[in-house]
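> Okay, here's the structure, questions in a sec.
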Amino acid sequence: MKRTDTSNPDYFHQVVDCQWGCPAHTDVPEYIRLIAQGRFTDAYMVNRESNVFPGILGRVCDRPCEPACRRGRMDEKPVAICRLKRVAADHRGDISGRLPVAPKEKNGKKVALIGAGPASLAVANDLMPLGYDCTLFEAQSVAGGLMRYNIPAFRLPPEVLDEEIDYIVDMGVTVHYNHRIESMKGLLDEGYDAIFVGTGAPRGKELKLPGRYDSDNIFIGIDWLESVAFRHTDRIGENVLIIGVGNTAMDCCRTSLRLGARNVKVMARKPREFFKASDWELEDAEEENVEIVTNHAPKEFVIEDGRLKGMTFELMDYVIEDGRILEQQVTGEVFIPCDDVVLAIGQENSFPWIERDLGIEFNQWEEPEVDEVTFESSRPGVFFGGDSAFGPKNIIWAVEHAHQAAISIHRHCRDESLTDRLPPLLNLGSRKMGLHEWSYSNSFDPAARRKMMHVPLESRFDALGREVELGFDAQQTAQEVERCLNCDIQTVFADNLCIECDACLDICPTDCLSIVPNGEPEELVQRLKAPVLEPDQPLFVSDELKQTGRVMVKDENFCVHCGLCAERCPTAAWDMQKSLLNFPQAADYGSPIGDTPCQQRKTG
Amino acid sequence: MTYIAKPKIDLPGQKRNELGLTERDYEGAMSTLCAGCGHDSITAALIQALWEMSVAPHQLVKMSGIGCSSKTPAYFVHGAHGFNSVHGRMPSVATGAMAANRDLICVGISGDGDSLSIGFGQFGHVIRRNLNMLYMIENNGVYGLTKGQFSASADPGSTAKKGEANEMQNINTVATAISMGATFVARSFSGDREQLIPLIKAAIAHPGCAILDVFSPCVTFNDHVGSTKSYAYVREHLHRANGADLIMPAEEISVEYREGETLPVEMHDGSMILLKKVDAEYDPTSRPAALGYLEKQRLAGYVVTGLLFVDDSLPEMHAISKTAHAPLKDLAFEDLSPGGEALVELQKGLK
Ligand SMILES: Cc1cc2nc3c(=O)[nH]c(=O)nc-3n(C[C@H](O)[C@H](O)[C@H](O)COP(=O)(O)OP(=O)(O)OC[C@H]3O[C@@H](n4cnc5c(N)ncnc54)[C@H](O)[C@@H]3O)c2cc1C
Ligand SMILES: Cc1ncc(C[n+]2csc(CCOP(=O)(O)OP(=O)(O)O)c2C)c(N)n1
Ligand code: SF4
Ligand code: SF4
Ligand code: SF4
Ligand SMILES: [Mg+2]
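Taken in order, these protein sequences are the chains called X and Z. If you count by my numbering, then the first sequence holds residues 1 to 604, one letter each, in order. If you count by my numbering, then the second sequence holds residues 1001 to 1351, one letter each, in order.
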């Protein structure tokens, strides 16, 4: 094999599993170390730079970083990355001096943002410091989108939303609330230099079964949550059925309990392994005694004398192999009585307000044609991002779409090519402090994941907005930060220094390292010290070593970044170096009006 | 030296030996030797060999004298017995331990200083006694622990770290051992684990005193240009006479071997060393052939490694001394200490 090209930023990036898994590439291990040092404000700023809403995301992020976390591959649970983000947000000091500010002198370009969800807000966050004149149109009376009126307040308190939204709006964004855009054509005629569509995926899917329209007690989940959030709905019957088992269903069942329901069942068509809801959301719902019923396919709404009595379900039986359903069969039928039904079986985007003759193309499912890199529609100058672009995702994806769309808008307004984009930059810096000293906590801590404390069940349901999770206390934080393996402190190899003494191979607690005769990839991996268990994990292969011509091979999979290889190496052929990755944002493309006090990467 | 301990991490899919132990269970304390020392590499080879052989830790006794090399026993199998004795006196203490408990597996670790200078006499006599043990010399050509003076194994003409040359002749460990009548003599290199591990196993299986001389570079005092015991020099001048595979009694011999290329050496317990010959003319069962071959290669500038000589037929210490067949701890008290009358009886026979 040829020497691995570690100058390609992707190599070391992929080693930082969490950062690789995060759509916005948040530098997780860096902020965890800052928390460990008690530098909560710095930790918050590292987060904000990538994900814009650390306080919000520290509570409700979909956290794709956690299933990716290396710690989880070692027979254990991942680091509580999301909870630690909240620690940074909860304990941060005054950050007013460190937030981006808009320059007094504008650059003369006007951008319209439709919908005040996370996508549009994050676009404004990136463009305001560059002197853009951003105008936001929001149909509702408040900003936040689904974060505000679908994610319940007991998971995400409004104060947290207000604070982080204000950081952006206070830069001078012009906001028109209660202003639904009814015609794209009309808006185009107003002469904006660019338009960003961040209107989300606002339409809940229907379940067209007999009886659906014969009762007022059948609700669409996202609409129902919205009316609860805006206090139009403040009660529900005692017995409630939730149809569907995604994250929306989890919010619906838990909200029901807070509006007077006593007996809530979540009805799932399939067995548990097929649930869409995140494990932690299921756990939280079950902790509140919600019953999750599997293998029940809805058949009909039973209405008597114009009143909803319940629903009938078909009992399902499946033949499952390797996580796939091969056959299914109806084995019977059952009636389940209830007072109300909430449908939570998905959402889709809908654009009745975009005329179809404007050059904005839609596909056969009525979804806009959006470029996956530039986020531009088929009409130059019109961009989509967040749920409106490719259907419902989550907040962190909306933020990443926004960063990319902001770059495109910035380029578009300067008549520059949108596809010509800066590559990510990699910076490596040694973390050696002294003979056996590293500037990070390199010793492996076998502690188990800390458990988040919740408000006790007795006092949880009295107020709709009582936040359930209490956050980590000081001791939990101190322990949890030590679980992070510092995957961004990379093992960097200087091939020409190695004298092949094997010291690193012997000290490595997880047998990641091997010195073997070179060979072809498939064959070479057979000869490593430990079997390759995760072929998707990066493999480092050195140049031929000078004494024997063999190669140093490292399987990154189980490396715990303990630095022992570097400590043991007599020639410092291994060194532990922090990989600082810079993912270009709009500001990195230069400002049209000279340097602005935009976000600077402060770590590394 | 490293300050944080090598952490124990239970990974999915760890292998276990017949005793249900992982390789990590055969580790010892954290090494305090210099990073990159050949001795640590040998420790790793010992760990792997003992684990693969499923040696029960309580069956193992680790013996040593003084030197960096003699610190090695602290770094493997923490559950075993051990004795870190005085400089050059490891063989006597090992003899005592093995005299008392012949069932133990004895691994003695020494250095070129420990064995070829102050302990040279003990080295010769334990060979003659044919004590059942692995006698490992971690040979770096210097006194590492006392900061790099030439040892008796330093080659004439080789230089010390600051440049002065050694003008004395060297003691060739393996040739000395063979000529003193050793029954198993092998040489290897800390950086050649593929060869070293099977040799360790074969030496442990050998029923007698198995001398294993292992080049083990001292990174701190003897890894420079001018040294003949550096990583680079040894690698360049190494000549592998053969490689060995130990086949345990119960194992089936699955290796295919062609006549003339592989030499099976049967051991008394039914196990077998399969020697893969690299040099067809070399015969490790003949003492004159072995000595002649070593000398010839030395003149050509090579250091020969491999199993250099083996003779499984000579009696080991217990057989020579006609001692009890069981470890002393297993004998009844009356048999061990038959009392004053028995002594009188015995002395009568000696008058
Ligand atoms: C019940 C539920 C729970 C969720 N929980 C989580 C969670 O825990 N974690 C997570 O990461 N994600 C969660 N999500 C998903 C997440 O909320 C969305 O992916 C995210 O909010 C999408 O952001 P967006 O900016 O694209 O759109 P949205 O947040 O949907 O915002 C769109 C905004 O546009 C406005 N708008 C729409 N049309 C117009 C128009 N024509 N004119 C003017 N304004 C308009 C809307 O009023 C809205 O304010 C959840 C979603 C639901 C439904
Ligand atoms: C009786 C006695 N004499 C001298 C010493 C000093 N001394 C300690 S180690 C050593 C030499 C060790 O050399 P070697 O056996 O080759 O071990 P290395 O450190 O090279 O591995 C000497 C002379 C001593 N400890 N005891
Ligand atoms: S840092 Fe080095 S010694 Fe530690 S686990 Fe990774 S490769 Fe092994
Ligand atoms: S410890 Fe250093 S010199 Fe020794 S094998 Fe490893 S990288 Fe090479
Ligand atoms: S001084 Fe030499 S022999 Fe002793 S530990 Fe250091 S490298 Fe090894
Ligand atoms: Mg020595």
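Cβ coordinates follow ideal geometry from the N, Cα and C atoms, glycine included.
Short check: CB of X/Phe12 to CB of X/Glu467, under 8 Å?
Result no, Cβ atoms of X/Phe12 and X/Glu467 do not sit closer than 8 Å.
> If you draw a straight line from the alpha carbon of X/Pro584 to that of X/Gln404, how long is it in whole angstroms?
9 Å
> What first and last residue would you give for the alpha helix (DSSP H) that runs through Z/Met1098?
1090-1100
> Quick check on DSSP: helix, strand or coil for X/Asp17?
helix
> Suppose the cutoff is 6 Å on Cβ atoms and the five residues either side in sequence are ignored; what does the same chain contact list for Z/Leu1116 look like?
Result list for Z/Leu1116: Ala1152, Ser1153, Ile1171, in chain order.
> Using the beta-carbon of each residue, which ones in chain X are nearer than 7 Å to Z/Ser1337?
Near Z/Ser1337 there are no residues of chain X at all, since even the closest Cβ is about 47 Å away, more than 7 Å.
> Against chain X, which members of the region 1214-1244 of chain Z pass a CB distance test of less than 9 Å?
The region 1214-1244 of chain Z vs chain X, Cβ under 9 Å: Pro1217, Val1219, Thr1220, Asp1223, Ser1230, Tyr1231, Ala1232, Arg1235, Glu1236.
> If the cut is a Cβ gap below 8 Å, which residues of chain X does Z/Pro1007 touch?
Ser443, Phe444, Pro446, Pro509, Val560, Cys562
> Using CA atoms only, rank isn't needed, just tell me which of Z/Ile1197, Z/Gly1082, Z/Cys1037, Z/Cys1034 is closest to Z/Pro1057.
Z/Gly1082
> Could you pull out every residue in the same chain whose Cβ sits closer than 6 Å to the Cβ of X/Pro597, ignoring the five residues on either side in sequence?
Any answer about X/Pro597 is weak, because its pLDDT of 43 lies below 50 and its placement is not dependable; what the coordinates show is given next. For X/Pro597, the CB contacts under 6 Å within the same chain, skipping 5 residues up- and downstream, are Val101 in chain order.
> Would you kindly work out how many angstroms separate the C-alpha atoms of X/Trp280 and X/Asp495, rounded to a whole number?
45 Å
> Between X/Lys309 and the rest of its own chain, which residues show a CB-CB distance below 7 Å, the 5 nearest in sequence each way excluded?
Val302, Ile303, Pro337
> Taking only three categories from DSSP, how would you classify X/His410?
helix
> Run through chain X and tell me which residues come within less than 8 Å of Z/Ala1035, C-beta to C-beta.
Ala503, Glu567, Arg568, Cys569, Pro570
> What would DSSP say about X/Met452, mapped onto helix, strand or coil?
coil
> Let me know the beta strand (DSSP E) ranges lying completely inside the region 166-225 of chain X, each 3 residues or longer, listed in chain order.
174-176, 194-197, 218-220
> Is Z/Ala1094 closer than 8 Å to Z/Gly1108 when the C-beta atoms are compared?
yes
> Could you tell me if X/Phe335 is buried or exposed, where buried requires 16 or more neighbouring beta carbons within 10 angstroms of its beta carbon?
exposed
> Decide if the region 517-528 of chain X is in contact with the region 467-477 of chain X; the criterion is three or more beta carbon pairs, one per stretch, under 8 Å apart.
no
> Less than 7 Å separating the Cβ of Z/Glu1023 from some heavy atom of ligand 4?
no
> Report the rounded CA-to-CA distance for Z/Ile1253 versus Z/Ala1074, giving the unit in angstroms.
Caution applies to Z/Ile1253, whose pLDDT of 49 falls short of 50 and renders its modelled position unreliable; the model cannot decide the point.
> What residue from X/Gly58, X/Asn47, X/Lys554, X/Leu34 has the CA that sits closest to X/Pro538's CA?
Minimum Cα distance to X/Pro538 is reached at X/Lys554.
> Mind pulling the chain Z residues with CB within less than 7 Å of X/Met74?
Neighbours of X/Met74 on chain Z, chain order: Ile1009, Leu1011.
> Kindly give me the distance between the Cβ atoms of Z/Tyr1231 and X/Glu500, rounded to whole angstroms, as I take these residues to be in contact under 8 Å.
7 Å
> Between X/Gly131 and X/Lys110, which are expected to be in contact by the criterion C-beta below 8 Å, what is the C-beta distance as a whole number of angstroms?
The pair is not a contact, with the Cβ atoms about 11 Å apart (cut-off 8 Å).
> Against chain X, does Z/Ala1044 count as a neighbour if the rule is that its beta carbon must be under 8 Å from one of theirs?
yes
> Z/Thr1159 bridges to which residues according to DSSP?
In the DSSP output, where bridge partners are listed per residue, Z/Thr1159 has Z/Ala1165.
> Quick one: which unbroken beta strand (DSSP E) runs of 3-plus residues sit fully inside the region 1272-1304 of chain Z? Chain order, please.
1272-1277
> Let me know the secondary structure DSSP gives X/Pro509 once reduced to three states.
coil
> Which whole-angstrom value is the C-beta distance of Z/Glu1345 and Z/Pro1207, which I expect to be below 8 Å?
At roughly 33 Å, the Cβ-Cβ gap does not stay under 8 Å, so Z/Glu1345 and Z/Pro1207 are not in contact.
> Quick one: which residues of the region 1179-1207 of chain Z get their C-beta closer than 9 Å to a C-beta of chain X? List them in chain order.
Ser1190, Gly1191, Arg1193
> Assuming X/Val293 and X/Ala261 make a contact with CB atoms under 8 Å, what is their CB distance in whole Å?
Not really, about 15 Å apart at Cβ, beyond 8 Å.
> Just to confirm the assignment, what range does the alpha helix (DSSP H) spanning X/Pro118 have?
Per DSSP, X/Pro118 belongs to the alpha helix (DSSP H) from 118-127.
> Note the first and the last residue of the continuous alpha helix (DSSP H) segment covering Z/Gly1038.
1038-1052
> Output the distance between the C-alpha atoms of X/Val382 and X/Pro392, rounded to the nearest integer angstrom.
20 Å
> To the nearest angstrom, report how far apart Z/Tyr1257 and Z/Arg1240 are at their CA atoms.
Note that Z/Tyr1257 scores a pLDDT of 48, beneath 50, so its modelled location is shaky; the value from the coordinates is reported in the next line. For Z/Tyr1257 and Z/Arg1240, the distance between alpha carbons rounds to 18 Å.
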